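Chemist:
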Amino acid sequence: MINLDELKKAIGELDEEKVIQILTEFVDSNPTEEEAQKIVNACQEGMGIVGDLFEKGEYFVGDLIFAGELLTEAINTLKPVIGGKSASKVGTIVLGTVHGDLHDIGKNIFRSMAEAAGFEVYDLGIDQPVSAFVEKVKEVKPDIVGMSGVLTLAIESMKATVEGLKQAGLRDKIKIIIGGNPVTKEACEYVGADAFTTNAAEGVKICQGWVK
Amino acid sequence: MTDVKALQQERISIYHDVYDDKIPKRVPVNISLPFEVIAQFGGLDLCEAQWNPAIIEEAVDKICQTVYSDVCVFMGSFRYPSFYQILKSQSFQMASNGFIQHPEVTGMLPEDYDYLIEKPYDCLLERVIPRQYKAFNPDDPINCAINFAKSILAFNNDFMQSGMIINKMEEKYGYYPGGLLSGGFTEAPFDFLSDQLRGFKGISMDIRRMPEKVAAACDALYPIVFKMGLPPIISNYTQVFIPLHMPPFMREKDFAKLYWPSFKRLLDEYASMGIHCTIFCEHDWTRYLDYLYELPTDTTLWFEYGDPKLIKEKLGKKHIITGLYPVMNLKTKTKEQCVEEVKRYIDILAPGGKYIFNFDKSPLLFSDIKLECLCAVAETVRDYAVYSNAGETAGMVFNKADYKVEPSRNLESKYYKTWEQYKALNPEVSDFGRPKLQNLEETIFHYLMFLLV
């Protein structure tokens, strides 16, 4: 059995070569699904370290993007041994960049970190109309809706999206978090969201708090 | 002299004083609003106005009468839909609300690094532009030529229309004729590589996976971005505008190794020719203030975030500071609060000179600002930020002889010919054709590279 702490540390340090080496050796050892699940958990904990280092100002957005890729690569390496059975999911998020905004870097970082934390994420994409959020929420009944935007105009679109969810009678069934450059406490109140963040790692923590 | 001419003279002298290291009579009010904001102000359909820039003139004239500024209140635009549409741009697209934006796209793959390093301009034209502009398709050469010709005609037309409006307003209202888009424009080599070549995600991978290639690519791109930014006329007053993008999202050690060397060299080389730069420090540059100090004297530093006091203390004697005042205040605060706050910024940033008033960033929507707050702030700066010691020396003095740089590699490509190269291939051509042909060569170079910034 491999050293879980070593793996966690290598993920935290974003040491790609080492992570892939550890995981390849692990896969070659024909592990059980239970063992594989422990490895997946260690990878998720490693992402927690990345999030902490970001909050401390040692990592920056570029490092988070790299971390997201590294995690995807890690899970792909593990696929043959985790089989079709996915890890137990902790909650469901419908995510998208609101209409009028084409930016998605922050959203994508949040998505990888949320997935790493065990959420099932439905990513609608960029420039998404209110109806796209409403329809998806009706369809998958998520715990959380995440709205992203970089431009200041995204605030108005977020507000319109919350209104749309209200009118469809869905607002009370979900928590809403907004993220991106222009969001502030005031913007959050104005939009009618439950929480806001400019930090993807913090956003994931808020979501974890909601589904506990 | 008419009142307008006298006012223009005053405006020219306050800007020139700042650039000549003197305390001006008052702080220049450098407010210019983007195309989109003014189109909304005029009640125009944003999409229609961007397709027909001429129709914005009435709204521009009205906003110039409404808002005080020492430069034309209309900034113009960099992005019109015509040429991006004709070339089927992937990197500049109009969103559902009419705003042209730059989605995350990849124009260059990791395996292109070696070719980029060996023949940068060839790689950009053969591989990157065709990926970002689907109608610039070398596999369909005749349509490629037609589309390219159409797009450059559209570009010239739209820029001429908005340029004419700016010139007209400068004449009519006596503005300082040196707006942000009036000099040169370029990017730091690393940003050029990041924005449309590798993308934010791609470059974040490369920094860790192949840092040597990133550094070599920045060096290879250097002559291109250098040439791109050169202003048509060199004087102490023309500026090269360089918006900076990636550093706040990087670790300092990556910045120091990969971003800074080619960028610093760029500004040093311009300084050695007597050219100054205005750099927009997007996001938060607090971590990098000591680096910024090392840039050539009188670099105009436009800050989006940061502590004005710390910035003034660290950089205010050497560089010209602008920005910082949060444009969002104009929406969220009352007129009185805005006025009080702008006085606070002036009290910190104006003493000792080397300060030009501007917002932290341009507003994006007309609804981002309350017009009465904007007017009150602009007029407060004009009336309150007045110096009693005009004419005195302001801080450190720029001297171009202080800057020496080894000559960089030349732009060498089969797609770009100097007059000598052209003449060697076409010995029959008359020397009378030289200025015209060389100018066209430069125009095409600038347009092609403009597609990638």
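Same order as they appear, the protein sequences are chains V and R. Residue numbers for the first sequence follow our numbering, beginning at 13 and rising by one. Residue numbers for the second sequence follow our numbering, beginning at 597 and rising by one. Beta carbons: idealized from backbone N, C-alpha and C, even for Gly. Treat the numbers as computed from the prediction; the structure is a model and nothing was measured.
1) Rounded to whole angstroms, how far is the Cβ of L177/V from the Cβ of V149/V, which I believe are closer than 8 angstroms?
2) Express the C-alpha separation of I105/V and L182/V in angstroms, rounding to a whole number.
3) Just the Cα atoms here: how many angstroms apart are L749/R and C643/R?
4) Taking buried to mean at least 16 other C-beta atoms within 10 Å of its own C-beta, is L906/R buried or exposed?
5) For the candidate residues P154/V, I77/V and G137/V, whose alpha-carbon lies nearest to that of T109/V?
6) Compare the C-alpha of G221/V against each of I77/V, K197/V, G191/V and V102/V and name the closest.
7) Does the beta-carbon of P543/R have 16 or more other beta-carbons within 10 angstroms, so that it is buried, or is it exposed?
8) Indicate whether I651/R and L629/R have their beta-carbon atoms separated by less than 8 angstroms.
9) May I ask you to report which of helix, strand or coil DSSP gives G919/R?
10) Can you find the residues in the same chain that come closer than 7 angstroms, C-beta to C-beta, to R123/V, ignoring five residues on each side of it along the sequence?
11) Going by alpha carbons, who is nearest to V142/V out of Y202/V, G112/V, V216/V and N53/V?
12) Nearest chain V C-beta to I803/R closer than 8 angstroms, yes or no?
13) Should the segment 660 to 668 of chain R be called in touch with the segment 711 to 723 of chain R, which here means at least 3 C-beta pairs below 8 angstroms?
14) Counting beta carbon pairs with one atom in the segment 739 to 746 of chain R and one in the segment 798 to 805 of chain R, are three or more of them shorter than 8 angstroms?
15) At a Cβ threshold of 8 angstroms, is D787/R touching chain V?
16) Tell me which same chain residues have a C-beta within less than 7 angstroms of the C-beta of V78/V, skipping the five on either side of it?
17) Could you tell me which chain R residues have their CB closer than 9 angstroms to the CB of D116/V, listed as they occur along the chain?
18) Verify the CB distance criterion: does T164/V have a CB-CB separation below 8 angstroms to chain R?
19) At the 8 angstroms Cβ level, is E57/V part of the contact set with chain R, yes or no?
20) Pick from C219/V, S169/V and A199/V: whose alpha carbon is nearest that of K927/R?
21) To the nearest angstrom, how far is the alpha carbon of K1019/R from that of L720/R?
22) Cβ closer than 9 angstroms: which chain R residues qualify as neighbours of V146/V?
23) Are the Cβ atoms of D617/R and A990/R separated by less than 8 angstroms?
24) Which residues in chain V have a C-beta closer than 8 angstroms to the C-beta of K797/R? List them in chain order.
25) Which of the three DSSP states is assigned to A205/V in this structure?
26) Candidates Y901/R, K908/R, D903/R and I871/R: which alpha carbon is nearest Y889/R's?
27) Starting from E37/V, trace the beta strand (DSSP E) both ways and give me its first and last residue.
28) What distance in whole Å lies between the Cβ atoms of Q56/V and A126/V, which are believed to be in contact at a cut-off of 8 angstroms?
29) In the DSSP output, what is L107/V paired with across the bridge?
30) With a threshold of 16 other CB atoms inside 10 Å of the CB of L163/V, please say whether the residue is buried or exposed.
31) Fully enclosed by the segment 960 to 989 of chain R, which alpha helix (DSSP H) runs are 4 residues long or longer?
32) Please confirm whether V623/R and A946/R have their CB atoms less than 8 angstroms apart.
33) What does D903/R reach in chain C if we use C-beta pairs closer than 7 angstroms?
34) What's the C-alpha gap between D1027/R and Q1017/R?
35) At a CB-CB cut-off below 7 angstroms, which residues of chain R make contact with E46/V?
36) Which value, in whole angstroms, describes the spacing of the CA atoms of D864/R and V174/V?
Modeler: This is what the structure holds:
1) 6 angstroms
2) 14 angstroms
3) 20 angstroms
4) Under this definition L906/R is an exposed residue.
5) G137/V
6) V102/V
7) Chain R is shown from 597 up to 1049; residue 543/R falls before or after that span and cannot be answered.
8) No.
9) strand
10) L107, V133 and D135
11) G112/V
12) Yes, its Cβ sits closer than 8 angstroms to a Cβ of chain V.
13) no
14) no
15) no
16) According to the sequence as given, residue 78/V is Phe; it is not Val. Within the same chain, F78/V has close Cβ partners L26.
17) P699 and E700
18) T164/V counts as touching chain R.
19) no
20) Of the listed residues, the one whose Cα sits closest to K927/R is A199/V.
21) 25 angstroms
22) At a beta-carbon threshold of 9 angstroms, none of the residues of chain R lie near V146/V; the nearest stands roughly 16 angstroms away.
23) yes
24) I77, E81, I117 and N120
25) coil
26) A check of alpha carbon separations from Y889/R across Y901/R, K908/R, D903/R and I871/R identifies K908/R as the nearest.
27) First-last for E37/V: E28 to D40, but that is the alpha helix (DSSP H), not the beta strand (DSSP E).
28) Their Cβ separation, rounded to whole angstroms, is 11 angstroms, which puts A126/V and Q56/V out of contact at 8 angstroms.
29) D135/V and G158/V
30) By the neighbour-count rule (16 or more Cβ atoms within 10 Å), L163/V is buried.
31) 967 to 980
32) yes
33) Judged by its chain identifiers, the structure shown contains no chain C, and its protein chains are V and R.
34) 13 angstroms
35) Chain R residues near E46/V: none, gap ~32 angstroms exceeds 7 angstroms.
36) Looking at the backbone, the Cα of D864/R and that of V174/V are separated by about 50 angstroms.
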